[in-house]
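This report refers to the structure that appears directly beneath it.
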Amino acid sequence: MREMLTGGDLDVLTGDYLAELTMLILGRDRLKDPGAGYARTFLRQLEDCLGLAHERGVKIVSNAGGLNPAGLADAVRHLADRLGIPVRVAHVEGDDLTAANPGSLAAHAYLGGFGIAACLRAGADIVVTGRVTDAALVTGPAAAHFGWQETDLDRLAGAVVAGHVLECGAQATGGNYAFFRDGDVRRPGFPLAELHEDGSCVITKHPGTGGFVDVGTVTAQLLYETAGARYPGPDVTARLDTVRLGQDGPDRVRIEGVRGEAPPPTLKVGLNRLGGFRNEVVFVLTGLDVEAKAALVREQLEPALGKAAEVRWELVRTDRPDAPSEETASALLRLVVRDPDQEVVGRALSGAAVELALASYPGFHVLAPPGKGSPYGVFEAVYVPHGAVDHVAVLHDGRRVPVPPPQDTLVLDDVPEPALPEPLPPGPARRAPLGLVAGARSGDKGGDANVGVWARTDDAWRWLAHELTADRFRELIPESRPLKVTRHVLPDLRALNFVVEGLLGAGVAARHRFDPQAKALGEWLRSRHLDIPEALL
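Following the numbering used here, the numbering of the sequence shown begins with 2 at its first residue and continues without gaps.
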């Protein structure tokens, strides 16, 4: 926060604190303390920077309110009073639908930006919200500044795209970037957007900060955790197939041409609930006979696992022959158990695993002793009509201003498949990793995984668009073969976006797989070998 406030000019500082997993964590916090439920780190940052923001006239907009935006607004007022800083604090509420969803720990609708806009138009210096879309932190200030209304769909869509690029911070400035060796990313700065009244923007960063901004870093973030050409939100559906990117100078990427459509008739609601209890043991298998050692310990533990609702074994062959170190001579056998009853995955498993310490395969040891079983969460998305929420802007003077739902909506349909580019002419090919000619970024949406893949040249795009089909994706990522894989084509970005339904089970909090948020799925895909035209290598 201090770096953004001191590094250069800024009108509004935004902060996105709410991942799906965060909502579950805040829900558990609120069980212990009804006054909790917001991101306390936001208050610690404000204590250091509130005076600086006030001096520079920078407004602050954040969804750090989580499950308790009114509580956070009060806490900010108390902090400001203690520091002697006169600031006007407002908040947005109405997203909480937990009472209407029995059995959920937290059920919250994704609201849009017009509640934020109402608070800012009334003079707020700080606006905190609960669950809004990540992009709403940008659409709200933009609508307030430029006087946009709900019918300004193209302008709103441009702000949504800008907000999506900014929402994950340094991911737009070289962080987590496939071609990270293109610049110095040891300490990337945070991105900022220079927004214009027509909805276009330039993505850049403060002078002198690390990392870099180019068409590739922005493309990567545009593809992150999206799906098809239509990117729906509560204010507008942004057409990602209309986005045009251009390098506008060093560390400057212009985004323009974004078209918007009326939002869908329903709001997304994220349901978080406790799914049961989970325990994990990782056995280390060193040296020879790894498969036989794994089989032995599995047979020995089976009697203790009979009552568990779900048992998963994974053998990870990190070992190599004639290894120069014990670590590189070792494989990992991972056991994960889940059950509604903590006892079934707790002492019963822990005791059985520990009892094998002197009675199993040679070299027996585990990475960490098994515990008593920890609760895990389940995420589910449901949809409700806009009218099911009471979206309210609570102004700094206490007035409550209802935010009406959109008058026009449009049912979300897939965009017809666009024409593919002309394929490359035949020529010699060489077996090589996909990542030599394509970038990728992957992530999670509940139980689904998304993998965006893009080419950096027109010729690479001509090859990629025809080669990397949904069937070829299944070939390269074997665990996706029994699942539905949908490919979306975005020619203006020279990109493909793959959605793999159900790959992540019940979401990140359930920790269904080794990489529970599919963060590295794209890098695995890039490491797979295909026959690539030599002209591209």
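C-beta atoms are modelled at their ideal positions from N, C-alpha and C, and glycine is treated no differently.
Proximal residues to LEU11 (C-beta, below 8 Å), its chain only, five neighbours per side dropped | Taking the first residue of the sequence shown as 1, we reach residue 11 at position 10. MET5, ARG57, VAL59, LEU193.
Alpha-carbon spacing of LEU272 relative to PHE115, whole angstroms | Within the sequence shown, the letter at position 271 stands for residue 272. Within the sequence shown, the letter at position 114 stands for residue 115. Pairing LEU272 with PHE115, the inter-Cα distance amounts to about 23 Å.
From the DSSP output, read off the bridge partner residues of ARG473.
-> Residue mapping note: residue 473 aligns to position 472 of the sequence shown, counting from 1. None, per the DSSP bridge assignment.
Residue burial classification, SER105 (beta-carbon count within 10 angstroms, cutoff 16) | For the purposes of this step, residue 105 is taken as residue 104 along the sequence shown, with counting starting at 1. When all chains shown are included, SER105 counts as buried.
Buried or exposed: ASP126, going by 16 or more other Cβ atoms within 10 Å of its Cβ?
-> Here residue 126 corresponds to residue number 125 of the sequence shown, with the count starting at 1. Here ASP126 is buried. Its C-beta has 16 or more other C-beta atoms within 10 Å.
How long is the line joining the alpha carbons of THR174 and ASP185, rounded to whole angstroms?
-> As a working mapping, residue 174 is identified with position 173 in the sequence shown. As a working mapping, residue 185 is identified with position 184 in the sequence shown. When rounded, the distance between both Cα atoms is 10 Å.
How do the region 377-395 and the region 487-497 stand: do at least 3 beta-carbon pairs fall below 8 Å, yes or no?
-> Contact between the region 377-395 and the region 487-497 is absent, because fewer than three Cβ pairs lie under 8 Å.
Leaving out five residues on either side along the sequence, give the residues of the same chain with a beta carbon under 7 Å from the beta carbon of PRO424.
-> For this step, residue 424 is matched to residue 423 along the sequence shown. Counting only Cβ-Cβ distances below 7 Å, and skipping sequence neighbours, we find ARG463, HIS467.
Inter-residue Cα distance where the pair is GLY113 and LEU297 = For the purposes of this step, residue 113 is identified with residue 112 of the sequence shown, where counting begins at 1. For the purposes of this step, residue 297 is identified with residue 296 of the sequence shown, where counting begins at 1. Rounded to whole angstroms, GLY113 to LEU297 spans 55 Å at the Cα level.
How about ARG431 and GLU502: are their beta carbons less than 8 Å apart?
-> Working through the sequence shown from its first residue, we reach residue 431 at position 430. Working through the sequence shown from its first residue, we reach residue 502 at position 501. No, these two residues do not count as a Cβ contact at 8 Å.
Answer with buried or exposed for ARG313, where buried requires no fewer than 16 other C-beta atoms within 10 angstroms of its C-beta.
-> Mapped onto the sequence shown, residue 313 falls at position 312. With fewer than 16 Cβ atoms within 10 Å of its Cβ, ARG313 is classed as exposed.
Is the beta carbon of THR218 sitting closer than 8 Å to the one on ARG253?
-> Numbered from 1 along the sequence shown, position 217 holds the residue referred to as residue 218. Numbered from 1 along the sequence shown, position 252 holds the residue referred to as residue 253. Not closer than 8 Å, so no.
Who does PHE380 pair with in a DSSP beta bridge?
-> Walking along the sequence shown from the start, residue 380 turns up at place 379. Beta-bridge pairing links PHE380 to ASN273.
From what residue to what residue does the alpha helix (DSSP H) around PHE515 run?
-> By one-based count along the sequence shown, residue 515 stands at place 514. Element bounds for PHE515: n/a, residue is neither H nor E.
Cα-Cα separation between ARG520 and VAL77, rounded to whole angstroms = Numbered from 1 along the sequence shown, position 519 holds the residue referred to as residue 520. Numbered from 1 along the sequence shown, position 76 holds the residue referred to as residue 77. As written in the sequence, residue 520 is Lys, which differs from the Arg given in the question. If you take the alpha carbons of LYS520 and VAL77, they lie about 34 Å apart.
Endpoints, the beta strand (DSSP E) within which VAL244 is located = Residue mapping note: residue 244 aligns to position 243 of the sequence shown, counting from 1. Premise fails: VAL244 is in no beta strand (DSSP E) and is neither H nor E.
Compute the beta-carbon to beta-carbon distance between GLY537 and VAL438, rounded to the nearest angstrom, for a pair I have assumed lies under 8 Å.
-> In the sequence shown, counting from the first residue as 1, residue 537 sits at position 536. In the sequence shown, counting from the first residue as 1, residue 438 sits at position 437. Note on residue identity: the sequence assigns Leu, not Gly, to residue 537. Confirmed, about 5 Å.
Note down, one range per segment and in chain order, each beta strand (DSSP E) of at least 3 residues found wholly within the region 33-92.
-> 60-63
Rank ASP516, PRO479, LEU411, PRO426 by C-alpha distance to the C-alpha of ILE533 and give the top, closest one.
-> What you label residue 533 is simply residue 532 of the sequence shown in a count that begins at 1. Measuring from the Cα of ILE533, the nearest candidate turns out to be PRO426.
Sequence-distant residues of its chain with Cβ nearer than 6 Å to SER599 (five each side left out) | Residue numbering for the chain in the displayed model covers 2 to 538; residue 599 lies beyond these limits and cannot be assessed.
Cβ contact check for the region 79-90 and the region 143-151: 3 or more pairs under 8 Å | no
Curious, which full-length alpha helix (DSSP H) runs of at least 4 residues does the region 265-320 contain?
-> 291-306
Identify, in the order they occur along the chain, each residue of the same chain with its Cβ nearer than 8 Å to the Cβ of PHE181, setting aside the five sequence neighbours on each side.
-> Along the sequence shown, read from residue 1 onward, the residue named residue 181 stands at position 180. Excluding sequence neighbours, PHE181 sits near GLY175.
Cα-Cα separation between ASP449 and ALA20, rounded to whole angstroms = Residue numbering aside, residue 449 sits at position 448 when the sequence shown is read from its first letter. Residue numbering aside, residue 20 sits at position 19 when the sequence shown is read from its first letter. Rounded to the nearest angstrom, the two C-alpha atoms are 15 Å apart.
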